[in-house]
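> Per my numbering: the sequence shown = residues 556 to 798. A virtual CB, placed ideally from N, CA and C, is assigned to each residue, including glycine. In this text the structure is predicted, and so the values were computed from the model without any measurement. Following this message is one structure expressed as structure tokens.
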Amino acid sequence: MSNVTPELRPVLAPTGRLRAAINLGNPVLAQRAADGALGGVSVELARALAAGLGVEAALEPFDTAGAAFAALRDGACDVGFLAIDPARAAELDFTAPYVVIEGTYLVPASSDFRAAAEVDREGVRIAAGKNSAYDLHLGRSLRAARLVHAPSSAEAIALFLAGGAEVAAGIRQPLAAAAAGRDDLRVLPDRFLEIRQAMALRRGNPAGAAALHGFVEAMKADGFVAAALARSGQGEATVAPAA
């Protein structure tokens, strides 16, 4: 179990509530049910952290990772759930990852692309959700292909399906869901990025960062993360190893 206690409220929940940024743009981590209820591993982690602190979990849902990042950066939220990325690390302190997922491509079944490395060609447009972890990575690494942005990862898939790009970049699970039951689409078998999902808080709070790191490691070790993934239908996601 976590060693988070009410004594840590000043560094993790200074307003008396734990304001947690929930990124709904990543369905592996968080989901919104038809009745509006939030669920998923990030939601369960936020509630467990709040319980340890003895405060209310004030869940703040955002449709994109970029919006969740901005809320943390600007101090509107205390903790959040984002992929580790160098650009974000200039503003945030990250724990070690609790879940590892893959960034890959959705392509037409007729495409000659067989591996992720083949996509970086002249004339190839890659649809991506703006400011997602995979978008930030591709913006640094692509040499020939060109990114075309949509406001969210789901809209990037829609942009690709509408003919606005030759491929769609994204997280493997939602790309596979888009291709399911269709013989005109396929997901490449390998990845261009290992996406390390972690908890984060604004820089300049070393005591809070240390406490959050310990919390995440404890929740991985006692099976909480694996169980929360399974409860939300994401049991195939990989729990990150101990740091």
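How should Ser708 be labelled, buried or exposed, when 16 other C-beta atoms within 10 angstroms of its C-beta is the threshold for buried?
Classification of Ser708: buried, given that the 10 Å Cβ count is 16 or more.
> In whole angstroms, give me the CA-to-CA distance for Leu756 and Gln789.
If you take the alpha carbons of Leu756 and Gln789, they lie about 25 Å apart.
> Check whether the Cβ atoms of Leu661 and Gly759 lie closer than 8 Å to each other.
Not in contact: Leu661 and Gly759 (Cβ atoms no closer than 8 Å).
> In the structure shown, what three-state DSSP assignment does Gly609 receive?
Coil.
> Should Ser787 be labelled buried (16 or more other beta-carbon atoms within 10 Å of its own) or exposed?
Per the 10 Å Cβ criterion, buried.
> Could you tell me the alpha carbon to alpha carbon distance between Ala672 and Ala699, rounded to whole angstroms?
Ala672 and Ala699: Cα-Cα distance of roughly 11 Å.
> Would you say Leu584 and Gly595 are within 8 Å of each other, going by their C-beta atoms?
Closer than 8 Å, so yes.
> Using the C-alpha atoms, what's the distance from Ala723 back to Ala735?
Roughly 15 Å between the two C-alpha positions.
> Does the stretch 563-571 come close enough to the stretch 616-631 that 3 or more CB-CB pairs lie under 8 Å?
The stretch 616-631 vs the stretch 563-571: no contact.
> When you compare the CB positions of Ile577 and Pro616, do they come within less than 8 Å of one another, or not?
Yes. Within cutoff.
> I need the straight-line Cα distance from Gly591 to Ala688, nearest angstrom please.
Gly591 and Ala688: Cα-Cα distance of roughly 26 Å.
> Can you give the beta carbon distance from Ala638 to Leu573, rounded, assuming they're within the 8 Å contact cut?
Their Cβ separation, rounded to whole angstroms, is 21 Å, which puts Ala638 and Leu573 out of contact at 8 Å.
> Per the contact definition of three or more C-beta pairs closer than 8 Å, is the stretch 673-681 in contact with the stretch 777-784?
No: the two stretches stay apart, fewer than three of their Cβ pairs being nearer than 8 Å.
> In its own chain, which residues sit with a C-beta less than 8 Å from the C-beta of Ala642, not counting the 5 before and 5 after it?
Cβ within range, chain order: Leu691.
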